[in-house]
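Numbering (the UniProt record's numbering), first residue to last: 1 to 918. Cβ atoms here follow ideal geometry from the backbone N, Cα and C, with glycine treated the same way. Remember, it's a predicted structure, so these values are computed and weren't measured experimentally.
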């Protein structure tokens with residue numbers, strides 16, 4: 001395709017002896033367009049448009065509009081963004097590859113060339129979400145967990161090995177290597193990308209979309225990257241530009257520096273609270289000011305990682321000397337580092353502390369004001385200063401046991417995921433406790449409400465940050481030297497984001513101290529934070545159920561939504577790795593950690609947290625001593641090869657996958673069955689019923705859980721029918737390649753509260769196809785509705801679909817027969833995913849809710865005005881009639897491309913037809 005080069009931006013850049021073709025932003029400046037004032041992230045989007053200008057998807061008008069960006073304008077102008085690469089993890093990557101395999105067959109059925117279904121940009125998949133903490137607290141835990149992982153997932157891994165051979169531009173990082181985001185940060189990100197374009201070497205910003213919402217972690221490196229659903233990622237792989245509105249950009253000014261002993265985790269929890277309160281969903285956040293240079297790269301990455309927790313698309317840091325230093329440390333070549341510096345300076349992407357770009361909104365934080373903090377027990381944005389942790393816990397426990405909010409309203413009738421702003425009780429109504437006998441050594445101990453039963457150093461947010469990881473090991477060292485250990489009811493685990501972490505632990509001589517407290521290595525992957533915490537200590541699990549105990553997990557992760565960490569654990573707190581170790585020693589949340597005695601040392605002296613806590617200087621001294629470039633270069637020198645287990649997997653070599661009808665892991669999906677060459681017209685929705693009426697902050701975890709498959713659920717019954725024993729159920733996340741499991745798991749979170757079925761928890765609803773509308777599982781009711789040709793709708797409150805970029809939250813929704821969702825507001829990725837599967841996202845009129853409109857959920861719904869989409873129009877509203885209630889619902893089809901996806905029944909069908917007709 002020809003490139004108009006309307007602004008004469010194609011120019012040459014010399015870097016040493018190398019010549020690169022770049023698309024110079026200053027060419028626009030020379031033509032009267034003031035691009036120097038633009039935020040960093042928008043400059044990268046602007047370069048993307050200059051480079052991909054084709055006169056069709058990207059025109060000179062698009063370029064001119066972005067270059068003339070009005071900071072105060074509301075997003076209403078669509079541009080086409082073409083990422084340099086796509087990154088996947090296995091939970092989302094397996095279904096993406098399943099879809100690509102199915103698209104090859106569908107292409108053949110339409111009479112096209114199956115080889116057209118092939119990634120056109122580099123795609124890298126990191127297998128990191130499948131390891132479960134089955135074994136812990138001894139030196140063989142890692143080996144044992146990897147063995148179990150392979151036993152459970154051999155079908156999935158063989159499938160991915162097939163995909164690696166069958167598709168071009170597709171690489172797989174095998175199990176046991178690290179967490180996708182840490183691997184992306186330490187190795188895969190280029191910062192500046194290069195590509196041979198018709199015999200000319202182009203240089204351009206490394207941009208990325210990923211099928212995990214924490215993809216913005218590499219924003220800390222200056223890489224524009226964000227999370228998308230697997231559906232949107234598949235289209236990007238196949239060369240489809242990502243449609244987006246030019247966003248508002250929030251400038252976040254940093255000043256000062258962190259106090260001694262305060263961690264990056266404390267900083268990021270404070271920023272998360274501030275930005276969620278400010279409101280940044282769908283916006284870019286950009287950090288600037290004199291404090292930026294005081295933020296180490298690992299801390300920048302920690303902040304970027306938490307973008308989905310406060311809702312922004314990206315959280316950018318500009319390129320500076322710290323970026324270059326980190327690139328050198330992590331083993332990038334000197335030529336690459338030199339290119340990054342030269343390119344950034346040539347394009348106005350280099351950080352100038354004195355320069356303040358124009359922003360839509362402004363925030364400011366003095367880093368010296370940060371205090372030690374935790375967040376929970378249900379949402380990452382609910383920050384609690386450590387000084388208030390005990391009193392906040394007691395209030396939460398009282399609210400949970402009383403099931404009341406401050407107004408006396410029963411929480412279960414009000415919302416599906418109650419916020420924790422103002423619990424009503426200072427103290428719990430009861431304090432449950434019991435005596436437990438250890439199965440390992442016969443000792444007895446008392447287990448109480450508030451007991452910490454999981455303490456996990458896990459997840460990409462913190463395990464990529466050497467400062468907090470070394471701090472955790474130093475706490476363990478001091479505790480061990482004083483004779484302290486974890487409480488016997490605490491399941492402890494260490495799951496670093498890469499092998500570099502255990503390497504520097506070994507060099508520093510710190511591994512034995514972590515092992516002594518039970519923080520033995522359990523795997524390199526996303527374990528507890530994704531719900532792969534494994535079973536609790538057996539006698540503890542039995543005691544919780546027998547005595548209805550309210551117990552706690554503490555983890556150094558980014559997600560603590562209801563039911564996510566472990567189904568028996570109702571309260572979950574995020575915190576820094578050293579605090580995880582401290583709470584494992586304390587064994588309870590019902591303690592003032594900063595004032596209480598944690599135990600006695602070998603001399604009988606009381607030990608306090610201050611006696612264990614390392615200073616910033618202590619941590620830095622260890623880092624300076626042990627962290628070196630060779631760790632990274634050696635650790636990643638053969639990252640795609642895998643171990644003997646991976647290399648020994650038997651893999652068929654074929655261009656089209658041979659589906660096994662008996663497989664319970666990888667099944668041929670139904671999306672393309674009987675798909676016509678041209679889409680059928682869209683229609684209005686008549687005679688619809690409500691499948692679920694939900695409250696605020698319903699997450700993708702509520703809609704499509706990733707954790708354990710509980711016995712006697714529809715998914716469990718399906719697996720049993722196929723000869724699978726409960727011990728081999730594995731997790732919903734690991735079975736995402738099987739739509740039969742995932743349909744049954746949709747809305748199956750054990751903490752979901754459907755207001756249509758008051759008094760229940762889990763995946764239940766009322767079945768209006770039956771006399772007297774009895775309570776039934778959501779899956780069973782949906783089968784009856786489908787048989788009766790009754791379309792379904794979901795009613796929801798604010799922030800519907802927050803959390804992980806989980807494509808199955810949308811896929812499962814459509815396969816249950818849902819045609820539309822009506823919510824008060826949406827998180828960005830889930831709204832996009834719903835459209836990507838052909839489900840219509842609608843919003844209640846501003847200022848109204850299901851409650852204020854008097855909707856009970858037992859009404860029959862008529863939704864009219866949709867069919868004008870067939871004439872190429874995007875209606876602002878559609879008319880909804882539900883019983884006696886009528887209102888105009890806002891249509892959340894935000895761009896013309898999204899309208900195309902909806903008309904085709906989904907983005908995959910749209911892309912497939914486009915490739916067939918190209």
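Is it right to say residue 187 is buried, meaning 16 or more other beta carbons lie within 10 angstroms of its own, or is it exposed? What you label residue 187 is simply residue 187 of the chain shown in a count that begins at 1. When all chains shown are included, residue 187 counts as buried.
Excluding the five sequence neighbours on either side, which residues of its own chain have a C-beta within less than 6 Å of the C-beta of residue 182, listed in chain order? As a working note, residue 182 is residue 182 in the chain shown. Counting only Cβ-Cβ distances below 6 Å, and skipping sequence neighbours, we find 460, 464, 497, 498.
Could you name each continuous beta strand (DSSP E) segment of 3 residues or more that falls completely within the region 848 to 898, going from the start of the chain to the end? 861 to 864, 877 to 882, 885 to 891
Residue(s) in a DSSP beta bridge with residue 434: As a position in the chain shown, residue 434 is number 434, starting the count at 1. DSSP output for residue 434 lists 447 as bridge partner(s).
Alpha carbon of residue 938 to alpha carbon of residue 175, nearest angstrom: No information on residue 938 is available, as it lies outside the stretch 1 to 918 that the chain covers here.
Using a threshold of 6 Å, is the CB atom of residue 180 nearer than that to any non-hydrogen atom of the ligand SAM? This structure lacks the ligand SAM; in fact it carries no ligand of any kind.
Entirely within the region 256 to 295 and at least 3 residues each: give me those beta strand (DSSP E) ranges in chain order. 284 to 288
May I ask you to list the residues that DSSP assigns as paired with residue 146? Numbered from its first residue, the chain shown carries residue 146 at position 146. None; residue 146 has no bridge partner.
C-alpha distance - residue 137 paired with residue 184, whole-angstrom precision: Along the chain shown, one-based indexing puts residue 137 at 137. Along the chain shown, one-based indexing puts residue 184 at 184. The C-alpha of residue 184 is placed about 29 Å away from the C-alpha of residue 137.
State yes or no: is the C-beta of residue 878 within less than 7 Å of the C-beta of residue 854? The residue given as residue 878 occupies position 878 in the chain shown. The residue given as residue 854 occupies position 854 in the chain shown. No, these two residues do not count as a Cβ contact at 7 Å.
Start-to-end residues for the beta strand (DSSP E) that takes in residue 630: Numbered from its first residue, the chain shown carries residue 630 at position 630. Residue 630 -> not in any beta strand (DSSP E); alpha helix (DSSP H) instead, spanning 629 to 635.
Once DSSP output is grouped into helix, strand and coil, what is the label at residue 612? Against the chain shown, residue 612 aligns to sequence position 612. Residue state, collapsed to three classes: helix.
Check whether the region 333 to 347 and the region 224 to 241 touch, using three or more Cβ-Cβ pairs below 8 Å as the test. no
Counting C-beta neighbours from all protein chains within 10 Å, is the total for residue 134 16 or more, i.e. buried, or is it exposed? Residue mapping note: residue 134 aligns to position 134 of the chain shown, counting from 1. Residue 134 comes out buried.
Counting C-beta neighbours from all protein chains within 10 Å, is the total for residue 369 16 or more, i.e. buried, or is it exposed? The residue given as residue 369 occupies position 369 in the chain shown. Label assigned to residue 369: exposed.
Backbone CA spacing between residue 107 and residue 119 [nearest angstrom]: Against the chain shown, residue 107 aligns to sequence position 107. Against the chain shown, residue 119 aligns to sequence position 119. Their Cα atoms are separated by approximately 15 Å.
Cα separation between residue 482 and residue 489? Working through the chain shown from its first residue, we reach residue 482 at position 482. Working through the chain shown from its first residue, we reach residue 489 at position 489. Rounded to whole angstroms, residue 482 to residue 489 spans 21 Å at the Cα level.
Given residue 7, which residues of its chain have a CB within under 8 Å of its CB, disregarding the five upstream and five downstream residues? Locating residue 7 in the chain shown gives position 7, where the first residue counts as 1. Answer for residue 7: 27, 28, 31, 50, 60, 63, listed in chain order.
Residue 508 and residue 458: beta carbons closer than 7 Å? Looking up residue 508 in the chain shown gives position 508. Looking up residue 458 in the chain shown gives position 458. Going by C-beta atoms, residue 508 is not nearer than 7 Å to residue 458.
Are the region 588 to 599 and the region 464 to 474 in contact at 8 Å, needing three or more beta carbon pairs? no
DSSP bridge partner residues for residue 913 (one or two, in chain order): Start at 1 with the first residue of the chain shown, and residue 913 comes out as number 913. Beta-bridge pairing links residue 913 to no other residue.
Tell me the DSSP secondary structure of residue 729 in three-state form. Taking the first residue of the chain shown as position 1, residue 729 is located at position 729. Assigned with DSSP and collapsed to three states, residue 729 falls in coil, not helix or strand.
Express the C-alpha separation of residue 655 and residue 364 in angstroms, rounding to a whole number. What you label residue 364 is simply residue 364 of the chain shown in a count that begins at 1. What you label residue 655 is simply residue 655 of the chain shown in a count that begins at 1. C-alpha separation (whole angstroms): 54 Å.
Should residue 74 go down as buried or exposed, given a rule of 16 or more other Cβ atoms within 10 Å for buried? Here residue 74 corresponds to residue number 74 of the chain shown, with the count starting at 1. Residue 74 comes out exposed.
Pull up the distance between the alpha-carbon of residue 652 and that of residue 914, whole angstroms please. Here residue 652 corresponds to residue number 652 of the chain shown, with the count starting at 1. Here residue 914 corresponds to residue number 914 of the chain shown, with the count starting at 1. Roughly 29 Å separates the two Cα atoms.
Mapping the DSSP letters down to three states, classify residue 175 as helix, strand or coil. Here residue 175 corresponds to residue number 175 of the chain shown, with the count starting at 1. Coil.
Which same chain residues end up closer than 6 Å to residue 407 when comparing Cβ atoms and leaving out the 5 residues on each side of it in sequence? What you label residue 407 is simply residue 407 of the chain shown in a count that begins at 1. Low per-residue confidence applies at residue 407: pLDDT is 26, beneath 50, and the placement is therefore not dependable, though the value from the model is reported in the following sentence. Closer than 6 Å at the Cβ level, and outside the excluded window around residue 407, lies no residue.
Indicate the three-state DSSP secondary structure (helix, strand or coil) for residue 164 in the structure shown. Within the chain shown, residue 164 is the residue found at index 164, counting from 1. Residue 164 falls in the helix class under three-state DSSP.
For a minimum of 3 consecutive residues, which ranges assigned as the beta strand (DSSP E) are wholly contained in the region 536 to 587? 552 to 555, 571 to 574
Euclidean distance between Cα positions of residue 14 and residue 191: In the chain shown, counting from the first residue as 1, residue 14 sits at position 14. In the chain shown, counting from the first residue as 1, residue 191 sits at position 191. In a straight line, the C-alpha of residue 14 is about 18 Å away from that of residue 191.
Residue range of the alpha helix (DSSP H) that includes residue 395: Position 395 of the chain shown, counted from the start, is the residue given in the question as residue 395. Where residue 395 is concerned, the enclosing alpha helix (DSSP H) stretches over 389 to 402.
Going by beta-carbon coordinates alone, are residue 793 and residue 773 separated by less than 7 Å? Start at 1 with the first residue of the chain shown, and residue 793 comes out as number 793. Start at 1 with the first residue of the chain shown, and residue 773 comes out as number 773. No.
Between residue 70 and residue 201, what straight-line distance do the alpha-carbon atoms span, to the nearest angstrom? Position 70 of the chain shown, counting from 1, holds the residue named residue 70. Position 201 of the chain shown, counting from 1, holds the residue named residue 201. So the two alpha carbons sit approximately 34 Å from each other.
Just to confirm the assignment: which complete alpha helix (DSSP H) runs, minimum length 4, are found wholly within the region 83 to 143? 90 to 109
Please confirm whether residue 751 and residue 714 have their CB atoms less than 7 Å apart. The residue labelled residue 751 in the question sits at position 751 within the chain shown. The residue labelled residue 714 in the question sits at position 714 within the chain shown. By the CB criterion at 7 Å, residue 751 and residue 714 fall outside the cutoff.
In chain order, what residues of the same chain lie with their CB nearer than 6 Å to the CB of residue 112, ignoring the 5 residues before and after it? Reading the chain shown from its first residue, position 112 is the one you call residue 112. If we look at residue 112 and ignore the five residues flanking it on each side, its Cβ neighbours are 916.
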